[in-house]
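S.K.: Residue numbers (this note's numbering): 7 to 272.
Structure incoming, see below.
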Ligand SMILES: [Zn+2]
């Protein structure tokens, strides 16, 4: 979805934020432009991101048509099987209980989790994707909505998947809050995102295909994803090795409530 069709809509940008979405630092170093968006690096935590994030209405229009992509529906059997293998570490750590996929697309990972023995739920912003998921995988529970919508239901999960979603966000605090509600203390989170730490210089980063605003807006390395998880009340258990592409796949455990920063013990 990257490319010039997403030309800048300058009037719709949110100006004046000027702070890092991860550490809230304001010492930002310009890196250059891509697709008409200015990228910056935070001097405090090293996170690289789009300075003036697209507005909610701009993103809403963008994601409404995000799944108008027949490619997603092909090879469904193979994709469910691939997710079944990928979710094995989650199965080994969480064992059983309920599973949630945030940004579930048309439900491959949700169906894979069900086949691994979880009670499986998926959330996605796209009504079209959720409609396809419901008709393909009727034994799972699918819902249109955000991580916040899922958190508002008051259900806590033993295992949560958040795959290739965090880099699309305009801010991180809302997701951190939602995850700290959705993953039960001791529960397991599997988070994936492209790995920007392989692209150290500004020209390298700007040339990388995953830097494609307004689709991808925040570019994490290991240090930044670890910091995000710690802030949200998780301890990193391990990063899964990924050989064929620059990708972060991290397994984290939700700390007990009393150990969460900012929440006092009763
Ligand atoms: Zn920062």
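Cβ coordinates follow ideal geometry from the N, Cα and C atoms, glycine included.
1. Going straight from the alpha carbon of residue 98 to that of residue 160, what length do you get?
2. Could you name the residues of the same chain whose beta carbon sits closer than 6 Å to that of residue 167, not counting the 5 residues immediately before and after it, in chain order?
3. With three or more beta-carbon pairs closer than 8 Å as the criterion, would you say the region 114-129 touches the region 175-185?
4. Which residues neighbour ligand 1 when neighbourhood means a C-beta less than 6 Å away from any of its non-hydrogen atoms? List them by chain order.
5. So who's on the other strand from residue 122, going by DSSP bridges?
6. Tell me whether residue 198 sits in a helix, a strand or coil according to DSSP, three-state version.
7. Please report the distance separating the alpha-carbon of residue 103 from that of residue 41.
8. At 3 residues or longer, what runs of the beta strand (DSSP E) sit wholly inside the region 95-144?
9. Among 239, 201 and 209, which residue has its Cα nearest to the Cα of residue 250?
10. Applying the criterion that 16 or more other CB atoms from any shown protein chain within 10 Å of the CB defines a buried residue, is residue 260 buried or exposed?
11. Can you give, in chain order, each stretch of the alpha helix (DSSP H) that sits fully within the region 207-244 and has at least 4 residues?
12. Taking Cβ positions, are residue 194 and residue 55 nearer each other than 7 Å?
13. For residue 186, name the three-state secondary structure that DSSP assigns.
14. Buried or exposed for residue 9, going by 16 or more other Cβ atoms inside 10 Å?
15. Out of 183, 46 and 192, state which residue places its alpha-carbon closest to the alpha-carbon of residue 237.
M.R.: With the given structure in hand:
1. For the purposes of this step, residue 98 is identified with residue 92 of the chain shown, where counting begins at 1. For the purposes of this step, residue 160 is identified with residue 154 of the chain shown, where counting begins at 1. For residue 98 and residue 160, the distance between alpha carbons rounds to 25 Å.
2. In the chain shown, the residue the question calls residue 167 occupies position 161. Within the same chain, residue 167 has close Cβ partners 107, 115 and 196.
3. Short answer: they don't touch.
4. 26, 28, 29, 31, 48, 50, 51 and 53
5. On the chain shown, residue 122 is found 116 positions in, with the first residue counted as 1. In the DSSP output, where bridge partners are listed per residue, residue 122 has none listed.
6. Translated into positions along the chain shown, residue 198 becomes position 192. Residue 198: strand per DSSP, three-state reduction.
7. If you number the chain shown from 1, residue 103 lands on position 97. If you number the chain shown from 1, residue 41 lands on position 35. Their Cα atoms are separated by approximately 43 Å.
8. 104-108 and 125-130
9. In the chain shown, counting from the first residue as 1, residue 250 sits at position 244. Out of 239, 201 and 209, 201 has the C-alpha closest to the C-alpha of residue 250.
10. Against the chain shown, residue 260 aligns to sequence position 254. The residue in question, residue 260, is buried, as its Cβ has 16 or more Cβ neighbours within 10 Å.
11. Counting only runs of 4 or more residues that sit fully inside the region 207-244, the alpha helix (DSSP H) segments are 208-213 and 228-237, in chain order.
12. For the purposes of this step, residue 194 is identified with residue 188 of the chain shown, where counting begins at 1. For the purposes of this step, residue 55 is identified with residue 49 of the chain shown, where counting begins at 1. The answer is no: Cβ separation not under 7 Å.
13. The residue given as residue 186 occupies position 180 in the chain shown. Assignment of residue 186 by DSSP, reduced to helix, strand and coil, places it in the helix class.
14. Taking the chain shown and counting its residues from 1, the one referred to as residue 9 is at position 3. Bear in mind that a pLDDT of 37 at residue 9, under 50, signals an unreliable position, so the number given afterwards is only what the model happens to contain. When all chains shown are included, residue 9 counts as exposed.
15. In the chain shown, counting from the first residue as 1, residue 237 sits at position 231. Closest option to residue 237, Cα to Cα, is 183.
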